[in-house]
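Comments concern the structure below.
Residue numbers (my numbering): 3 to 310.
Following this line, the structure appears as structure tokens:
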């Protein structure tokens, strides 16, 4: 029997409004780069004109199966990560939305291995049809690499201690294979933690980001957006932790400035490619109703015409 995992879309109205530039019947082609469970996609379709189109991407087979329930000729989905955004024709898209959060069905389903709250296989792959699980990786990874992943992707100050505990456990009793085993091991290595935060939070985040190459894929997708967006097209990105938001913030800032060539001081500067528009946080009401939204940040930018 299939469990009806539910998902509450974060910043739903704000993201769709920003993406469609306030249009009540958008006519262009739009991209939902991270379909998830389709909350944003369905809201976008409700605002599209008959000639509008929505292309979605997701590498999670369960998300693709959910997308198959949408019977709308204007909609299509690709079983690909959003690093493949660049496969679309240049200047063909009126808006790109990226929701970087892990969907609740992924977190709440123990089989997926994303959460320390449930005992399940230590997997964490977004696309379970390919690639290496966290358990497989930890079975052979060197201590230094494990520590670097926990430190760089989890911003965990006890990274070395956790890595040593993982390797020692592997040598004594074999590799870790479940979420509960990992959470208990981390709890024993982390001596202090912020009030209300599970000791394993940062380590689980780090392993998920690493095993799915999330930050690298985000950087590739952002660069691709510059090619596929039309002049005036919108880029809207929802991030949920500082590593993601820093990449998005710096990307928009970098492309929102005119670039001068120091070797040719009198030459005209290269025109900026983006215009930063908004930074939006969830309302107190949304956070109260959906605590998982509390860390979300929506950044919005517009593709300029000068350098296309």
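For every residue, glycine included, the Cβ atom is placed at its ideal position computed from N, Cα and C.
8 Å Cβ cutoff met for residue i and residue j
i, j, result
"residue 28", "residue 238", "no"
"residue 80", "residue 86", "yes"
"residue 221", "residue 156", "no"
"residue 124", "residue 178", "yes"
"residue 252", "residue 96", "no"
"residue 59", "residue 37", "yes"
"residue 83", "residue 219", "yes"
"residue 136", "residue 128", "no"
"residue 35", "residue 223", "yes"
"residue 240", "residue 12", "yes"
"residue 141", "residue 149", "no"
"residue 45", "residue 14", "yes"
"residue 324", "residue 213", "Look at the range of the chain in this structure, 3 to 310, and you will see that residue 324 is not part of it."
"residue 131", "residue 70", "no"
"residue 230", "residue 47", "no"
Bridge partner(s) assigned by DSSP for residue i
i, result
"residue 239", "100 and 301"
"residue 326", "Only positions 3 to 310 of the chain appear in the structure, and residue 326 is not among them; the question remains open."
"residue 95", "231"
"residue 281", "301"
"residue 155", "According to DSSP, residue 155 bridges with nothing at all."
"residue 28", "50"
"residue 276", "305"
"residue 74", "Paired residues: none, contrary to the question."
"residue 293", "Its beta-bridge partners do not exist; DSSP assigns none."
"residue 123", "180"
"residue 34", "58 and 99"
Burial state of residue i (16 or more Cβ within 10 Å)
i, result
"residue 205", "buried"
"residue 181", "buried"
"residue 113", "exposed"
"residue 293", "exposed"
"residue 115", "buried"
"residue 3", "Residue placement at residue 3 is flagged as unreliable, the pLDDT there being 36, under the threshold of 50; a coordinate-derived value is accordingly withheld."
"residue 5", "Confidence is the limiting factor: at residue 5 the pLDDT is only 48, short of 50, which leaves the residue's position unreliable, though a coordinate-based value still follows. Flag for residue 5 reads exposed."
"residue 174", "exposed"
"residue 226", "buried"
"residue 288", "buried"
"residue 92", "exposed"
"residue 185", "buried"
"residue 198", "exposed"
"residue 285", "exposed"
"residue 176", "exposed"
"residue 143", "buried"
Contact with chain B by residue i, beta-carbon distance below 8 Å
i, result
"residue 240", "In the structure shown, chain B does not exist; there is a single protein chain."
Chain-order list of residues whose beta-carbon lies under 7 Å from that of residue i (same chain, five-residue window excluded)
i, result
"residue 39", "9, 65, 68, 105 and 107"
"residue 297", "242 and 243"
"residue 121", "112, 180, 181 and 182"
"residue 195", "201"
"residue 7", "Reliability of the predicted coordinates at residue 7 is poor, the pLDDT of 48 falling under 50, and the value obtained from them is presented with this limitation in mind. Hits under 7 Å: 106, 107, 110 and 111."
"residue 171", "178 and 187"
"residue 145", "165, 166 and 169"
"residue 279", "302, 303 and 304"
Close Cβ partners of residue i (< 8 Å) along its chain, the five nearest in sequence each way excluded
i, result
"residue 276", "228, 237, 254, 257, 258, 303, 304, 305 and 306"
"residue 330", "Outside the shown range of the chain (3 to 310) lies residue 330, about which nothing can therefore be said."
"residue 283", "298, 299 and 300"
"residue 25", "49"
"residue 217", "155, 211, 245, 246 and 249"
"residue 290", "none"
"residue 41", "9, 10, 11 and 14"
"residue 117", "109, 110, 181 and 206"
Own chain, CB closer than 6 Å to residue i, minus 5 neighbours either side, in chain order
i, result
"residue 281", "301"
"residue 21", "97, 99, 236 and 238"
"residue 246", "102"
"residue 33", "57, 95 and 98"
"residue 152", "158, 161, 164, 205 and 208"
"residue 19", "none"
**Prompt:** So does the region 184–199 actually touch the region 158–166, counting three or more Cβ pairs closer than 8 Å?
**Reply:** Counting Cβ pairs under 8 Å, three or more are found: they touch.
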